[in-house]
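First residue of the sequence shown? That's 23 in this note's numbering, and the numbers climb one at a time after it. All residues carry an ideal CB built from backbone N, CA and C; glycine is no exception. What follows is a short report on a single structure.
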Amino acid sequence: YVVNPVIVEFWQGRPGRLHDRIQYTILEDGSWKIERLAP
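This is how it looks when you write it as structure tokens:
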């Protein structure tokens, strides 16, 4: 089997419930779009 991720999300807990959530989405040209989801 081969796993080809399309979307990867990282979550980092922080004090005061201000957690960092970063999402990486692969684009058609093979590059990654980076989005900050929270806070």
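What residues in its chain sit with their C-beta under 6 Å from that of residue 29, if we drop five residues either side in the sequence?
Working through the sequence shown from its first residue, we reach residue 29 at position 7. Closer than 6 Å at the Cβ level, and outside the excluded window around residue 29, lie 47.
What is the DSSP secondary structure of residue 36, reduced to helix, strand or coil?
Start at 1 with the first residue of the sequence shown, and residue 36 comes out as number 14. Residue state, collapsed to three classes: coil.
Identify, in the order they occur along the chain, each residue of the same chain with its Cβ nearer than 8 Å to the Cβ of residue 39, setting aside the five sequence neighbours on each side.
Within the sequence shown, numbered from 1, the residue matching residue 39 stands at position 17. Cβ neighbours of residue 39 beyond the five flanking positions: none.
My output table needs one value for residue 50: the three-state DSSP class, helix, strand or coil.
Here residue 50 refers to the residue found at position 28 when the sequence shown is read from its first residue. DSSP, reduced to helix, strand and coil, places residue 50 outside both helices and strands of the structure shown, so it counts as coil.
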